[in-house]
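Position one of the sequence shown corresponds to residue 1 (this note's numbering), numbered consecutively onward. Every residue, glycine too, gets a C-beta built ideally from N, C-alpha and C. Report on the following structure.
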Amino acid sequence: MDSLNPDHPPLIETAATPRVWKFWGTALWGLFIFVAMFVGQIGAVIALAALRGLPIDLASLQLVGREPQTLALSVIMGLPATLLAVWLAIRIKKASFVDYLALHWPSWKQLLFGAVGLILIVLLWETMSRALGREATPGFMTDLLKSGRDKGAALLLLAAFAVAAPMSEEVLARGFLYRGWSASFLRSSGAILLSSLVWTVVHLQYDMYFLAEVFTIGLWFGYMRYRAGSLWLTIALHALNNLTAVVLTMWLGG
1 MDSLNPDHPP LIETAATPRV WKFWGTALWG LFIFVAMFVG QIGAVIALAA
51 LRGLPIDLAS LQLVGREPQT LALSVIMGLP ATLLAVWLAI RIKKASFVDY
101 LALHWPSWKQ LLFGAVGLIL IVLLWETMSR ALGREATPGF MTDLLKSGRD
151 KGAALLLLAA FAVAAPMSEE VLARGFLYRG WSASFLRSSG AILLSSLVWT
201 VVHLQYDMYF LAEVFTIGLW FGYMRYRAGS LWLTIALHAL NNLTAVVLTM
251 WLGG
């Protein structure tokens with residue numbers, strides 16, 4: 001028999017290489033994805049400045065970047081850059097893009113449960129803001145959205161903040177980061193905590209009070225990602241949160 005022949009040793013099956021980036025791989029690829037998102041966003045500003053014949057310098061970019069239309073396009077262009085970077089990271093692992101990111105549809109019960117929890121969290125922070133005499137929405141965001149409405153950029157801003165931003169941020173935080181870190185020594189609880197912290201850092205334009213609110217909402221999104229095993233669920237919840245904030249600020253003065 002070949003198995004007893006030293007010239008023909010038996011085949012030894014080796015364990016398949018895990019198709020998930022673990023802690024450090026996820027962290028480094030996460031940084032790359034974040035940079036790709038930034039490049040996509042700043043690239044839109046540079047392109048608009050160039051189309052206007054402006055010099056490509058800091059002053060010109062700041063001038064163009066303050067306009068509501070430019071900011072909306074910048075956020076929108078961050079989405080394809082993010083998806084491309086995530087696709088590359090997953091492709092190298094030869095894994096399924098859909099399965100890696102848990103792009104599975106949630107049930108209506110899961111969606112309802114997630115929405116109710118989100119509403120309660122937002123209402124709690126709203127109540128605290130009123131008690132402390134604080135605005136429920138950062139002042140600069142209120143000015144941006146109302147300016148965009150007055151300048152005819154309402155739909156563009158709506159697409160940016162209620163569609164593009166939730167997809168980009170969720171694919172990074174509750175998609176790629178959570179997937180890899182939950183398979184590492186962090187497990188699900190640590191992955192929820194750390195991915196929420198990273199998501200909060202992405203919003204450093206806010207003050208500490210609003211960052212605390214963002215972190216709290218991130219924990220809820222992370223929990224729902226764990227509970228339902230669906231990234232579409234957290235994208236939907238994120239979109240619902242942003243859509244409500246944009247509509248209330250633009251048209252109802254909230």
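Is residue i buried or exposed, if buried means 16 or more other CB atoms sit within 10 Å of its CB?
{"i": "ILE192", "result": "buried"}
{"i": "LEU123", "result": "exposed"}
{"i": "ILE119", "result": "exposed"}
{"i": "MET77", "result": "buried"}
{"i": "PHE34", "result": "buried"}
{"i": "LEU11", "result": "Per-residue confidence for LEU11 stands at a pLDDT of 49, beneath the threshold of 50, marking its modelled position as unreliable; the derived number appears in the next sentence. So LEU11 ends up on the exposed side."}
{"i": "ALA162", "result": "buried"}
{"i": "ALA131", "result": "exposed"}
{"i": "LEU186", "result": "buried"}
{"i": "LEU111", "result": "buried"}
{"i": "TRP105", "result": "exposed"}
{"i": "GLY262", "result": "In the structure as shown, the chain begins at 1 and stops at 254. Residue 262 is therefore absent and cannot be evaluated."}
{"i": "TRP220", "result": "buried"}
{"i": "HIS218", "result": "What sits at residue 218 in the sequence shown is Gly, not His. When all chains shown are included, GLY218 counts as buried."}
Say whether chain B places a C-beta atom closer than 9 Å to the C-beta of residue i.
{"i": "TRP21", "result": "Chain labels in this structure do not include chain B; a single protein chain is all it has."}
Can you name, in chain order, every residue of its own chain whose Cβ lies under 8 Å from the Cβ of residue i, other than the five neighbours on each side?
{"i": "ALA36", "result": "ALA81, THR82, LEU84, ALA85"}
{"i": "THR216", "result": "ILE121, TRP125"}
{"i": "MET1", "result": "Because MET1 carries a pLDDT of 48, less than 50, the predicted location of this residue cannot be relied on, and the following value inherits that uncertainty. Here the set comprises nothing."}
{"i": "ALA50", "result": "ILE56"}
{"i": "THR249", "result": "THR137, MET141, THR142, LEU145, LYS146"}
{"i": "ARG52", "result": "VAL64"}
What whole-angstrom Cβ distance do residue i and residue j have, given they're in contact under 8 Å?
{"i": "SER188", "j": "ARG174", "result": "12 Å between Cβ atoms; not a contact."}
{"i": "ILE46", "j": "LEU61", "result": "7 Å"}
{"i": "LEU101", "j": "PHE176", "result": "7 Å"}
{"i": "SER184", "j": "LYS22", "result": "4 Å"}
For residue i, which residues of its own chain have a beta-carbon under 7 Å away from its beta-carbon, when the five flanking residues on both sides are left out?
{"i": "GLY259", "result": "Since the first residue shown for the chain is 1 and the last is 254, residue 259 is missing from the structure and cannot be characterised."}
{"i": "ALA160", "result": "ALA72, VAL75, ILE76"}
{"i": "GLY222", "result": "ARG174, TYR178, ILE192, SER195, SER196"}
{"i": "LEU211", "result": "THR200, HIS203"}
{"i": "PHE97", "result": "TRP87, ILE90"}
By Cβ distance below 6 Å, which residues in the same chain neighbour residue i in space, the five residues on each side in sequence not counted?
{"i": "SER129", "result": "ALA136"}
Check whether the segment 148 to 168 touches the segment 240 to 248, taking contact to mean three or more Cβ pairs, one atom from each stretch, closer than 8 Å.
-> Contact between the segment 148 to 168 and the segment 240 to 248 is present, because at least three Cβ pairs lie under 8 Å.
Taking three-plus beta-carbon pairs below 8 Å as touching, is the segment 54 to 74 in contact with the segment 144 to 161?
-> yes
Below 8 Å, can you find three or more Cβ-Cβ pairs linking the segment 88 to 100 to the segment 20 to 36?
-> Here the segment 88 to 100 lies against the segment 20 to 36, with 3 or more beta-carbon pairs under 8 Å apart.
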